[in-house]
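Residue numbers (this note's numbering): 1 to 402.
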């Protein structure tokens with residue numbers, strides 16, 4: 001009997017404890033509900049449009065974007081409509097991109113091109129395409145990786161035959177430059193790097209840059225690109241790295257590239273003579289070449305402007321290279337490769353308004369009215385001025401010691 005009374009007492013105490021726990025939990029739930037209701041009253045109500053209406057508006061904008069006029073497509077997507085749809089078809093057929101229930105491949109590529117072609121931020125693209133910034137960022141990286149894979153087939157040497165630009169100019173380029181398959185040079189592209197790395201990426205520019213080595217053929221197609229080097233790195237070191245890599249720049253036997261005076265003469269690399277007039281604007285308004293070296297430099301420069309035209313077209317088409325991007329450095333390197341691949345893909349359909357031809361390029365060069373004698377006299381004058389300053393400093397120092 002005593003044990004039964006003890007068990008009954010324990011049972012009553014346990015039930016009383018459960019009631020207290022349930023009551024406390026009820027009080028907590030009531031307090032949380034009261035807090036959420038009061039907070040919702042303080043928050044401004046936003047009325048969202050039905051999702052179906054938003055999708056209809058987005059579809060209307062997209063159709064106007066890549067099914068509208070040719071000029072509008074070139075301005076917004078940096079390429080013709082047929083080129084854009086062929087690109088999307090190539091990415092679809094090779095399974096480099098996949099469509100989702102809500103986002104087509106065309107929209108994915110269009111968002112990416114707005115980022116690199118127009119240099120729009122993720123927020124601006126999200127507002128224009130009625131997407132979230134997370135969606136824009138996710139598909140930007142997917143398209144970026146897909147184009148980097150496509151670049152393996154687009155950025156390569158297609159032919160080692162002497163180009164028609166050389167063979168069509170007998171006496172000027174042919175047979176002197178027979179065996180030349182293109183030109184190479186480096187260019188500096190603005191880069192965004194952490195503070196502790198900026199001293200390495202700050203070279204001849206006032207902002208951090210990455211030194212990009214590229215080789216192009218005479219159709220302005222990129223056949224090799226090496227990005228990611230610091231802006232302070234010399235062009236010769238970047239070239240040495242490109243030649244020493246297992247999958248780097250491979251120059252066919254007996255062929256060569258034209259390079260500027262920053263590179264040394266070596267097998268496969270043909271630079272101009274140093275100490276002689278070279279740039280085209282140095283021959284304007286002045287006498288004809290006075291010796292064999294100047295004549296070689298003049299014709300060498302006329303051919304090597306191909307690489308300058310290619311860089312100009314690339315930077316004119318893709319505005320992301322106009323200022324420092326807000327991407328990790330690894331993504332910035334990928335951007336260079338992806339944009340060069342897009343450049344080659346667009347040129348498969350022929351030049352467009354972003355491509356500088358020879359006539360327009362030469363006309364845009366700054367005209368020089370000075371002859372060689374004037375330039376020499378200016379150099380001598382500044383040398384004398386430098387000597388005067390140095391002598392004055394030395395005299396003042398000796399005067400202080402006396």
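Each residue gets a CB set at the ideal place from its N, CA and C atoms; glycine is no exception.
These numbers were taken from a predicted model, which means no experiment stands behind them.
In this structure the stretch 217–233 does not touch the stretch 287–295; the number of beta carbon pairs closer than 8 Å is below three. The beta carbon of residue 251 sits closer than 6 Å to the beta carbons of 268 from its chain, once the five residues preceding and following it are set aside; these are given in chain order. The DSSP assignment places 180–190, 209–216 as complete runs of the beta strand (DSSP E) inside the stretch 168–219, in order along the chain (cut-off: 3 residues). Taking a C-beta distance under 8 Å as the contact criterion, residue 191 and residue 201 qualify as a contact pair.
Within the same chain, and ignoring the five residues on either side of residue 125 in sequence, the residues whose Cβ sits closer than 7 Å to its Cβ are 111, 114, 115, 136. Ranking 85, 53, 163, 52 by CA distance to the CA of residue 68 puts 85 first. Of the residues assessed, residue 132 falls on the exposed side of the cut-off, its CB having fewer than 16 other CB atoms within 10 angstroms. Taken through DSSP and simplified to helix, strand or coil, residue 228 comes out as strand. Taking residue 339 as the centre and dropping the five residues before and after it, the same chain places the C-beta of 116, 314, 318 closer than 7 Å to its C-beta, in chain order. In the structure shown, the three-state DSSP call for residue 257 is strand. Positions of the alpha helix (DSSP H) runs, each at least 4 residues long and wholly inside the stretch 29–115, are given as 51–66, 70–77, 81–93 in order along the chain.
Counting along the chain, residue 140 sits inside the alpha helix (DSSP H) bounded by residues 133–154.
For the set 161, 198, 223, the Cα lying nearest the Cα of residue 249 is the one of 223. Beta-bridge partners assigned by DSSP to residue 222: 216. Here the alpha carbon of residue 30 sits roughly 47 Å from the alpha carbon of residue 326.
Within the same chain, 262, 263, 264 come within 8 Å of residue 236 by CB-CB distance, once the 5 residues on both sides are set aside. Residue 341 places its beta carbon less than 8 Å from that of residue 155.
The beta carbon of residue 122 is closer than 7 Å to those of 133, 136, 137 in its chain, skipping five residues each way along the sequence. Here residue 270 is bridged, per DSSP, to 258.
Per DSSP, residue 251 lies in no alpha helix (DSSP H) and is assigned neither H nor E. Excluding five sequence positions before and after residue 145, none of the CB atoms of its chain fall closer than 7 Å to its own CB.
Between residue 273 and residue 259, the alpha-carbon positions lie close to 11 Å from each other. Buried is the label assigned to residue 185, since at least 16 other Cβ atoms lie within 10 Å of its Cβ. The C-alpha of residue 344 is placed about 11 Å away from the C-alpha of residue 337. Put simply, the backbone Cα of residue 118 is about 23 Å away from that of residue 205. In the three-state DSSP reduction, residue 277 falls in the coil class, being neither helix nor strand. Here residue 301 is buried, its C-beta having at least 16 other C-beta atoms within 10 Å. Boundaries of the alpha helix (DSSP H) harbouring residue 242: 235–244, taken from the DSSP string. Of the residues 77, 27, 83, the one whose Cα lies closest to the Cα of residue 349 is 83.
The alpha carbon of residue 53 has as its nearest neighbour, out of 9, 271, 211, 130, the alpha carbon of 130.
Between residue 257 and residue 181 a beta carbon distance of about 7 Å is seen, short of the 8 Å cut, so the two are scored as contacting. Between residue 103 and residue 88, the C-beta spacing is not below 8 Å.
Excluding the 5 residues flanking it on each side, residue 334 has same chain C-beta neighbours closer than 7 Å at 144, 148, in chain order. In this structure, residue 208 lies away from residue 171, with their beta-carbon atoms at least 8 Å apart.
Collapsing the DSSP output to three states places residue 338 in a helix.
At least 8 Å separates the beta-carbon of residue 168 from that of residue 304.
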